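A.B. asks:
Number of protein chains: 2
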Amino acid sequence: MFEIAELGHTVKKSDYKKQVPELRVKLLEAQQLLRDCDFPVIILVSGVDGGGKGEIINLLNEWMDPRYIRTNAFAEPSDEERERPRFWRYWRTFPSDGFIAIYVGSWYSDPIALSIYEQIDDLQLKIELSNIKQLERELVADGALIIKCWLHLSKDAQKKRLKSLEKDPETSWRVTNKDKKHLKLYDKFITVAEQVIKETSTGEAPWLIVDGSDIRYSSLTVGQHVLDRITRHIEHRSNHCPEPGAEVQPAIYVAQQSLLDTLDLTLSLDKKDYNEALADQQARLGKLIRTAREQKLSCILVFEGWDAAGKGGSIRRITRAVDARNYQVIQIAAPTDEEKAHHYLWRFWRHIPRAGKLTIYDRSWYGRVLVERVEGFASKEEWMRGYAEIVNFEEALTEHGILLLKFWLHIDKDEQLKRFKEREQISYKRYKITEEDYRNRERWDDYELAVNEMVTRTSTQQAPWILVEGNDKRYARIKILKTFCDNLEEKLSD
Amino acid sequence: MFEIAELGHTVKKSDYKKQVPELRVKLLEAQQLLRDCDFPVIILVSGVDGGGKGEIINLLNEWMDPRYIRTNAFAEPSDEERERPRFWRYWRTFPSDGFIAIYVGSWYSDPIALSIYEQIDDLQLKIELSNIKQLERELVADGALIIKCWLHLSKDAQKKRLKSLEKDPETSWRVTNKDKKHLKLYDKFITVAEQVIKETSTGEAPWLIVDGSDIRYSSLTVGQHVLDRITRHIEHRSNHCPEPGAEVQPAIYVAQQSLLDTLDLTLSLDKKDYNEALADQQARLGKLIRTAREQKLSCILVFEGWDAAGKGGSIRRITRAVDARNYQVIQIAAPTDEEKAHHYLWRFWRHIPRAGKLTIYDRSWYGRVLVERVEGFASKEEWMRGYAEIVNFEEALTEHGILLLKFWLHIDKDEQLKRFKEREQISYKRYKITEEDYRNRERWDDYELAVNEMVTRTSTQQAPWILVEGNDKRYARIKILKTFCDNLEEKLSD
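Order-wise, the sequence lines are chains A and B.
Its first residue numbered 1, the first sequence is counted upward by one per residue in the numbering used here.
Its first residue numbered 495, the second sequence is counted upward by one per residue in the numbering used here.
1) How big is the Cα-Cα spacing for F39 of chain A and T231 of chain A?
2) Taking just the CA atoms, how far does Y881 of chain B sit from A699 of chain B?
3) Measure the CB-CB distance between L492 of chain A and Q295 of chain A and report whether it falls below 8 angstroms.
4) Which value, in whole angstroms, describes the spacing of the CA atoms of I551 of chain B and S707 of chain B?
5) Which residues, taken in chain order from the stretch 274-299 of chain A, show a beta carbon closer than 7 angstroms to some beta carbon of chain B?
6) Count the other CB atoms, across all protein chains shown, that sit within 10 Å of the CB of F496 of chain A; report buried if there are 16 or more and exposed otherwise.
7) Out of A:E170, A:W207 and A:D264, which has the shortest C-alpha to C-alpha gap to Y475 of chain A?
8) Less than 8 angstroms between the beta carbons of D132 of chain A and M1 of chain A, yes or no?
9) Check whether chain A comes within 8 angstroms of P579 of chain B, counting only Cβ atoms and requiring the distance to be less than that.
10) Taking the beta carbon of E395 of chain A as the centre, do at least 16 other beta carbons fall within 10 Å, making it buried, or is it exposed?
11) Residues of the stretch 109-124 of chain A in Cβ contact with chain B at a cutoff of 7 angstroms, in chain order, please.
12) Hey, D362 of chain A and V322 of chain A: beta-carbon distance below 8 angstroms or not?
13) So is F377 of chain A buried or exposed if we call it buried at 16+ other beta carbons inside 10 Å?
14) Does any C-beta atom of chain B lie closer than 8 angstroms to the C-beta of A463 of chain A?
15) Spatial neighbours of K311 of chain A within its chain, please: C-beta separation below 7 angstroms, excluding the five flanking residues on both sides.
16) Thinking C-beta only, is L645 of chain B closer than 8 angstroms to D966 of chain B?
17) Is the beta carbon of G544 of chain B closer than 8 angstroms to that of L629 of chain B?
18) Apart from the five residues on each side of it in sequence, which residues of its chain come closer than 8 angstroms, Cβ to Cβ, to A283 of chain A?
19) May I ask you to list, following chain order, the residues of the stretch 864-880 of chain B that have a beta carbon less than 7 angstroms from some beta carbon of chain A?
20) Between the stretch 829-837 of chain B and the stretch 84-99 of chain A, can you find at least three pairs of beta-carbon atoms closer than 8 angstroms?
21) In whole angstroms, what is the alpha-carbon distance linking E729 of chain B and I684 of chain B?
22) Taking only three categories from DSSP, how would you classify Q331 of chain A?
23) Have a look at A:A193, A:K482, A:R70 and A:L162 and flag the residue whose alpha-carbon is nearest the alpha-carbon of Q281 of chain A.
24) So which residues of chain A does W859 of chain B contact, with C-beta pairs closer than 7 angstroms?
25) I think L44 of chain A touches Y90 of chain A, with their Cβ atoms under 8 angstroms apart; what is that distance to the nearest whole Å?
26) Under 8 angstroms, do Y108 of chain A and S46 of chain A count as touching if we go by C-beta distance?
27) Of the residues A:R457, A:Q461 and A:K479, which one's Cα is nearest the Cα of L467 of chain A?
28) Which residues in chain A sit within 8 angstroms of H894 of chain B, going by Cβ to Cβ distance?
29) Thinking C-beta only, is L220 of chain A closer than 8 angstroms to Q19 of chain A?
30) Pull up the distance between the alpha-carbon of K167 of chain A and that of D110 of chain A, whole angstroms please.
31) Assuming A292 of chain A is part of the beta strand (DSSP E), what are its boundary residues?
32) Looking at E424 of chain A: is its Cβ nearer than 8 angstroms to the Cβ of I433 of chain A?
33) Roughly how many angstroms lie between the CA atoms of D509 of chain B and L370 of chain A, to the nearest whole one?
34) Could you give the DSSP three-state label for W485 of chain A: helix, strand or coil?
35) Taking CB distances under 8 angstroms as the criterion, tell me whether E204 of chain A reaches chain B.
36) Name the residues in the stretch 137-167 of chain A whose C-beta lies less than 9 angstroms from a C-beta of chain B; which are they?
Dropping the structure here:
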């Protein structure tokens, strides 16, 4: 979920100085329009300590007209507040139509803190989050625009940031003991944060996860996102239709760096090493799968990736190690008539394995947010809703105890073209290449955007996405086999 | 919540015989149209044992074309089912577009049973219900029509029904030991059922609560409701807008009997008894309120009722017994500009009392589902959403420990006119009567419908509606004072 936000995005000082004035003008214009609108804007700025929440809120106030913004910071509740229901303190501060309220610390702070310090358990956290969703749903139903930004730092980045704040006498006061304690609790914090973001990234009020390691980058990203969301909301409201939800990434983001670009596609294995590793891992898998069968552990593997990225070959390397009675490979192509006449998840629910079995989906429910999104087969409203539906669906699987792994096979554009050409030369592979494959290539960037968003929204500790460097087929196959074995081993030892 | 379903509605055999053929024709026509629609229909028939679930499902199958209906009954899960996530068994059975699926026993059965037998606690029940809401929301978002019917019987009616089933050798097999056990657990069952219905009566998939004491009445009501919902859904889908939700009462229902008609408006007190009781109850209230203050128990009283029903006078009889520093009366009239620029609940949240204080709302958030509904100040979508929002809001209050009571002051139309005329004669009361009051009288039936629905949807054990017979002011005032005292006493002794 935080993969993209750890890529270390930066904006050069000169670029920043060029971009800020333009952004400010646009923000002020949007604010001007907003003044006459019949809805309020609620901006939450949350995230890890040292992620730059304070700086960003200061900048937002500086960039916009402060007469129509109010910033609300919540610490310990006052006695006035303690004597009322929990949400009372927030209701007091909700902005009027046409106004913006920024929240540092919000209805999310308590559940997160209580959960980290184990004062509430997972079940209670779920209830809290369900109350929060209800609150946000009611506000949105009434017209409000809710913008939620989460500033992320990797563990190392957080350590570095807190150190540098501490050194500088002008900022050292900002590092509290609580911050240092949080640093110790980083892993726990991230686990809780992931659950919170996953549960509450609804279609109507999604989280934007922002790389907080460079303040110029993060402030521009948040500023641009706020601008986009307000502009779009005004547009939709004046057309009397609700905003269908918001993409996670504002343009600035993806233009700069894609998750897929960070993969080292030169990784490879020579034939000898490959053959040895293949034999080892397949033997290992065979044993593990038998144990899984005995222990009634079911597994689901999802394969997605570019055309010709090597999904089929990778799947065969797995299935060869498994008794044919114990697995099923589900090829997902266009839905049947009967499938089309159901909810789009219905056809995936059908094939959920029985206890102890393995089901491999060759393409999957992610079609909703990949091909259906890019080709327009699903409406924006449908694929936006899809993320939450998918996360929810996968949670039903993992909560039942199923091991679920999702592989994205990545190759670059040149490698794809090379493979297309090769396939056309081989008689029994020629049928695999059609006009459509070439057409899909043209929308490479759209797909890449969709993949980035998919991973950000749906990669969780329970059901992670594994990005596989696929230019070398041998490397890819071994990485997949090994990852599956490692996860299986860990799960079986639980 | 079940008040209306205990009025003992009946339909005469001759009326039934006249109405059924017409209903059948219309149901078949609707089903014919449905065949070409791009959505499925899911009908849940739940409720108390002996409430006639089986009979009604048989009738629905008989009345409609069985080729396009499938009935799903769920008992103990099979091993196939147990080996998959819990909802898998339901996903398997979801109907295709154009088809109807009827469920006896559904995703509600387990949570209810587990909760009654205390195998899950309140928190776990909430999680289950939140998963159910998520499931239903996803189906509805995809276009599905979900119709949920709850067949209710009072404790006595259930006892009678089970006895008569047991006596008849043709039906005795239908009374299981489980049923008899349930009878013992009736109170517990009703408490759980109320929570389930309250939590899951969403705008998109509300429950219809049906009086199950007369099978002719209940089957006609359910049949009519199914017809209405399908017809309306087809209409809305063909206009490409989602159905805004469904009223609880189909027409047949209200035409027959209103909750307000059951009140005995001849109840009265003579002056002497009144004076004595007033002195007693006010003294009692004074003491109780002081204890409440010490124990930091806050109270909220809501007063709604017909114009001139005596809200103001009743409120004054309470406040006279309370130290002026400890209570506030909030008069709710048209919202201020600032209030209008917020969510409609904002102006009620503002006035939530501090610990140990009493707040009385003279008219309240119920305006949303009364005057705003009837006069069209709120859109249908808004007031339909209002029930869930109100229930949620009140839950935040009662969960915080606040004592919340809601009074509906009822008078009949003649009494109202009499009081209008009287007020016009008294100089200092003349200002209270305006053109508007006469206009409101004309919409009496619409208001009565709205009141019935309001009580059904929002009267809960935690925050009950108390219907007050108001033709005699003295009787009404004492009933209110006494009810408040009784509840306060009980709450303080907890």
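No residue lacks a Cβ here, since even glycine has one placed at the ideal position from N, Cα and C.
Model, not experiment: these values are computed from the prediction.
C.D. replies: Reading off the structure:
1) 13 angstroms
2) 12 angstroms
3) yes
4) 16 angstroms
5) none
6) Since the displayed chain A opens at 1 and closes at 494, residue 496 of chain A lies outside it and no answer follows.
7) A:D264
8) Correcting the residue type first, residue 132 of chain A is Ile in the shown sequence and not Asp. Against a cut-off of 8 angstroms, the Cβ pair of M1 of chain A and I132 of chain A comes out as no contact.
9) yes
10) buried
11) L123 and Q124
12) no
13) exposed
14) no
15) F303, G305, D362 and L409
16) no
17) no
18) A321
19) R879
20) yes
21) 36 angstroms
22) strand
23) A:K482
24) Near W859 of chain B there are no residues of chain A at all, since even the closest Cβ is about 12 angstroms away, more than 7 angstroms.
25) Actually they are not in contact, since the Cβ atoms of L44 of chain A and Y90 of chain A sit about 11 angstroms apart, beyond 8 angstroms.
26) yes
27) A:K479
28) R84, P85 and R86
29) yes
30) 29 angstroms
31) It is not in any beta strand (DSSP E) - A292 of chain A instead sits in the alpha helix (DSSP H) that spans K271 to E294.
32) yes
33) 57 angstroms
34) For the record, residue 485 of chain A in the displayed sequence is Cys; it is not Trp. Here C485 of chain A sits in helix by DSSP.
35) no
36) E138, L139, A141, D142, G143 and A144
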